[in-house]
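Below: the structure, in structure tokens.
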Amino acid sequence: EPSLAYDPAFQPPAKPGKEQVPISRPNFVELCERLTAEDEKTFEELFRRLGLSVDWQQTYTTIGEVSRRASQRAFLRLVHRGLAYTAEAPTMWDVDFRTAVAQAEIEDREVAGTYQRIAFDIEGDDGERIEIETSRPELIPACVALVVNPSDERYAPFVGRTALTPVFRVPVPVVAHELADPEKGTGAAQVCTFGDVTDVVWWRDLELPARVIVRRDGTLAAGRFGEPGWESRDPDAANAAMAQLEGKAAKQARKQIVELLREGGWLVGEPEPVQHVVKFYEKGDRPLEVISSRQWFVSTLDLKDALLERGRQLSWHPAFMGTRYASWVEGLNQDWALSRQRYSGVPFPVWFPLDDDGEPVYDAPILAEEAELPVDPQDDVPPGFTAEQRGVPGGFVGDPDVMDTWATSSLTPQIAGRWEDDPDLFERVFPMDLRPQAHDIIRTWLFYTVLRAHLEHDSLPWTNAAISGFVLDPDRKKMSKSKGNVVVPTEVFERHSADAVRYWAASARLGYDAAIDDQQMKVGRRLAIKILNASRFVLSMEAAPGEITEAVDRAMLCALAEAVDDATAAFDGYEHAKALDVLETFFWSFTDDYLELVKQRAYGAAGTDGAGSAVAALRAALDVLLRAFAPFLPYTTEEVWSWWREGSVHRSAWPLGSEVIDADGSERDPGVYEVAAAVLSAVRKEKALAKVSLKTPVDSITVHDTGDRLRLLSQASADLREAGNIRAIDQAEADTFSVDTVLAQPDAAV
RNA sequence: GGGCGCGUAGCUCAGCGGGAGAGCGCUCGCCUCACACGCGAGAGGUCGCAGGUUCAAAACCUGCCGCGCCCACCA
């Protein structure tokens, strides 16, 4: 409640009740700051727990001094270059929030409405009429013309003549304009100031007068009919009718005027209920009105082509998201309405001089000096004035408006790069590499950021845009507070661990929605536990690592090198889910096949050299795998890393295939590993089908395969015999792979 | 009205010109000295529908159907 004074003792109720509590503006701002501090803590705890690699010394707030200065500086520079301007213009307006809103904050909603067919009399004649159809008859007092398509022969005789509005008997011209659609309604439309954006176009193009009747709170009020600008052939009737609409909101006024139309015989037929699409402020409950008001704008319409080109220069991940940006830019129909009639926000660094009558001179704004920023024109005094001159004729007044929040957010790269405050840093980091964000704010955060960088730096703000989908609830529904289906991150951390949640999140591709999936998180948890156990096992081998001489050891490392290179390529293409998949596939084969194959040799079954080769290969693989999994499972990998390595795995280098195996220049060939794993798997299958334990001895197996693969198999036969408890391995050349297995007879074992 | 994306095993998805796949779930078996928070195995699909191109189509082209989203001057 703006009239209340600051109350230092004010305490909000412990629990919010239904009753609104009046509070002064300074107290309100204080509470906002308290809540913000709490929320910041909550977010930091959440981000830390998630294991995000945030540099916590590089934080900023969008209302903080650095951001206010950057926002105001960027704004002033646009004003000086003529790219930001103040103008009285019809703008989309929310009658509940009582502020202008930008095109980006508007959304369409389908609502129930009614079309009424209404007759306008042609003046000075014998009962000729033009009929129109409208869903907003309450705007008839604001009607300034009737419009038809120039090619519409039905109405050609009327163009240039004068019609009289029903009820109010206001003379309005019948005019022609291309945008009038012969197919819609009757083909003739009333032009009102202002019913929608099309009205604004007609009003501007056809240079029509304005008769505004919608006030900023959404209620109706007209001028006095009969006076200049409000001509009427029957002023008394017009004023009497208007008296019935005065002060009513659009919806109520609509009912009222339909009655007046009916009484006067101007209503043709009965009103027809329809579902139609109406523009709403995304946070609003009532349809937007178009209201003329003084606002700050930033030029965008003249830049469409340049902004489309910026969109083409940007690397989109996935690529099709660039289409959304393009269709948004192509559909722009107004400059960016930058000012908001709100309490909280970054103020404009602007004052207006007051003339001798105490009226603001909007054409001559007084701009702050860059060196003084940030300023608050409500407290600070403009250059050349004294505090006593505030609000008095010949003095000045501060611009009361604040900027659209996107005015600050669109400077994120500049603010984070300490634009103008640290030129060396800025030079090094701008343009940045990557903007990660979801697709819902392409038209706002992404678009405005591209716009600001284009205007201020003649460049893109970053080279890549990684556009994610939404996290949906477990039933694939969009989460919303009102539906009560919001899943709080801390809940899933508690249930599954941060690494498991990251695993699930990393499995979702950019651009596609992902539903909260407990099963998938359990799989992630299982992978994490498997890494812990396998690592413990590898590091428990007592044999000293030696030279990697065994063919199967080298082959496993070749397979690992390929997996790592595939994962690297996937990451380079912003396909983190694919990178994870490749690594995971290798890892499960590593534990299920390779570890089983070399387990006995690593224990020493084939002597010191064989053990040394196995242990060295195992450790080399583990070292690489931990680094490769580190971005996905930061806690698990860091834990294992701490068992045997110095420092943090997150500061170690990303692994490359070349460091694993190519050092000696030999060719990569994972063949021995693949063939041995296939044979081991075939033997396990026989045991499973026979429903016997996997340690059941095997008398002999006969491997049928091509000569090449049999030669590879020979290099791993000792490991294979140990792993499968096989006494003899026979080979037979064949075109296709198969294994005959002869299990040992139970009585033979006795 | 225009556009984008998606429709593959019960579920979540990968594959995007030459063998129909993975994980989960389900069924069966196994306490094998890293892990029973585990291990092994099995069953399960006319790849939305209809045409076309091709020696060959889940994949390419055309049309349709369904779902989701974006944009639109919606009188």
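First residue of the first sequence: 661, per our numbering; consecutive thereafter.
Even for Gly, the Cβ is constructed at its ideal location relative to N, Cα and C.
Fair warning: this is a prediction, and the values are worked out from it, not measured in the lab.
Exercise for the section: Determine the burial state of D1061: buried for a count of at least 16 other Cβ atoms within 10 Å of its Cβ, exposed for fewer. Expected result: With at least 16 other beta carbons inside 10 angstroms of its own, D1061 counts as buried.
Using C-beta distances below 8 Å, list every residue in its chain close to W863, excluding the 5 sequence neighbours before and after it, in chain order.
By the criterion of a C-beta distance shorter than 8 Å, W863 is surrounded in its chain by P750, V804, V851, T853, F854 and A870, once the five residues flanking it on both sides are discounted.
Need the endpoints of the alpha helix (DSSP H) that V689 sits in, please. Per DSSP, V689 is one residue of the alpha helix (DSSP H) stretching across R685 to L710.
Practice prompt. Taking 8 Å as the threshold, find out whether the region 1161-1178 comes into contact with the region 961-980 through three or more Cβ pairs.
Written response: Touching, yes, given that three or more Cβ pairs across the two stretches are closer than 8 Å.
Can you list the beta strand (DSSP E) stretches of 3 or more residues lying completely in the region 929-981, in chain order? Whole beta strand (DSSP E) segments, 3+ residues: 949-958 and 975-977.
#### Entry: Residues near V872 by beta carbon distance below 8 Å, same chain, minus five either side
Excluding sequence positions up to five before and after V872, its CB lies within less than 8 Å of the CB of A802, T853, F854, I951 and S952, all in the same chain and listed in chain order.
Query raised in the report: Is A1408 helix, strand or coil when you go by DSSP?
Result: With a pLDDT of only 45 at A1408, under the threshold of 50, the placement of this residue in the model should not be trusted; the figure read from the coordinates follows. A1408: helix per DSSP, three-state reduction.
query: Looking at C-alpha atoms only, which residue of S1167, L710 and E704 is the closest neighbour of Q717?
result: Q717 has its Cα closest to that of E704, out of S1167, L710 and E704.
Any 3 or more C-beta pairs closer than 8 Å across the region 925-942 and the region 735-748
Under the 8 Å Cβ criterion, the region 925-942 does not count as touching the region 735-748, having fewer than three qualifying pairs.
Would E919 be called buried (16 or more neighbouring beta carbons within 10 Å of its own) or exposed? Burial is judged here by how many other beta carbons sit within 10 angstroms of a residue's own beta carbon; E919 has fewer than 16 and is exposed.
- Over what stretch of residues does the beta strand (DSSP E) that includes Y775 continue unbroken? Run containing Y775: I766 to I782, per the beta strand (DSSP E) assignment.
Using three-state DSSP, classify D1225 as helix, strand or coil.
Judged by DSSP in its simplified three-state form, D1225 adopts helix.
Worksheet entry | Nonlocal neighbours in the same chain, by C-beta distance under 8 Å from V1410, ignoring five residues either side | For V1410, the predicted model reports a pLDDT of 35, less than 50, meaning its position is unreliable and no value from the coordinates is stated.
Could you give the first and the last residue of the continuous beta strand (DSSP E) run that contains Q627?
For the chain, the structure presents residues 661 to 1410; residue 627 sits outside this window and is missing.
Practice prompt. Express the C-alpha separation of A1265 and R1305 in angstroms, rounding to a whole number.
Written response: Cα-Cα distance, rounded: 28 Å.
Checklist entry - Looking at the structure shown, is Q1391 part of a helix, part of a strand, or coil, going by DSSP? => result Under the three-state reduction of DSSP, Q1391 is assigned to strand.
Straight-line CA distance for E1019 to L868? As the crow flies, the alpha-carbon of E1019 is around 27 Å from that of L868.
Got a sec? Which residues, its chain only, sit under 7 Å from V1284 by beta carbon, not counting five neighbours each side?
Counting only Cβ-Cβ distances below 7 Å, and skipping sequence neighbours, we find L1220, V1224, P1315 and V1320.
Considering only the alpha carbon of each residue, which of K1259, G886, L806 and S1070 lies closest to Q730?
Going by the sequence as given, residue 730 is Ala instead of Gln. For the residues K1259, G886, L806 and S1070, the minimum Cα distance to A730 belongs to S1070.
- request: Indicate the three-state DSSP secondary structure (helix, strand or coil) for K1259 in the structure shown.
  value: K1259 carries a helical assignment under DSSP once its states are collapsed to helix, strand and coil.
Next on the checklist: Please report the straight-line C-alpha distance between E661 and D756, rounded to a whole angstrom.
Outcome noted: Looking at the backbone, the Cα of E661 and that of D756 are separated by about 16 Å.
task = Would you mind stating whether A898 and R829 have Cβ atoms separated by less than 8 Å?
result = Their beta carbons are under 8 Å apart, which means A898 touches R829 by this criterion.
What does the Cβ neighbour count give for L695, buried or exposed, with the cut at 16 atoms within 10 Å?
Counting other Cβ atoms within 10 Å of its Cβ, L695 stays below 16 and is therefore classed as exposed.
Work out the CA separation of A674 and E923 for me, nearest whole Å. A straight line joining the alpha-carbon of E923 with that of A674 spans about 56 Å.
With DSSP as the reference, label E639 as helix, strand or coil. Outside the shown range of the chain (661 to 1410) lies residue 639, about which nothing can therefore be said.
Where the alpha helix (DSSP H) containing T1109 begins and where it ends: Start and end: F1107 to H1117.
**Request:** Give me the Cβ distance between A848 and E791, rounded to the nearest whole Å; I'm assuming they're in contact under 8 Å.
**Result:** A848 to E791, Cβ: 7 Å. Contact.
**Item:** Any 3 or more C-beta pairs closer than 8 Å across the region 1332-1340 and the region 1370-1381
**Value:** The region 1332-1340, when compared against the region 1370-1381, does touch it at the 8 Å Cβ threshold.
Three-state secondary structure (DSSP) at M1181? The answer is helix: DSSP assigns M1181 an H, G or I state.
Original post:
In chain order, what residues of the same chain have a beta carbon less than 6 Å from the beta carbon of D1226, not counting five sequence neighbours either side?
Top reply: Taken in chain order, the residues that qualify are V1242.
Problem - Simplified DSSP state of G742, which is helix, strand or coil - result: Of the three classes helix, strand and coil, the one that applies to G742 here is coil, per DSSP.
Close Cβ partners of A1408 (< 7 Å) along its chain, the five nearest in sequence each way excluded = Residue placement at A1408 is flagged as unreliable, the pLDDT there being 45, under the threshold of 50; a coordinate-derived value is accordingly withheld.
Once you ignore the five residues that flank A1237 on each side, which residues in its own chain have a CB closer than 6 Å to its CB?
Within the same chain, Cβ atoms closer than 6 Å to the Cβ of A1237 are found at S1167 and R1169, the five residues on either side in sequence being excluded.
**Prompt:** Can you pull the DSSP bridge partners for P1007?
**Reply:** Looking at the DSSP assignment, P1007 forms a beta bridge with V1062.
Checklist entry - Straight-line CA distance for V1006 to Q1074? => result When only Cα atoms are considered, V1006 and Q1074 end up about 16 Å apart.
query = So does the region 1144-1163 actually touch the region 1180-1189, counting three or more Cβ pairs closer than 8 Å?
reply = Touching, yes.
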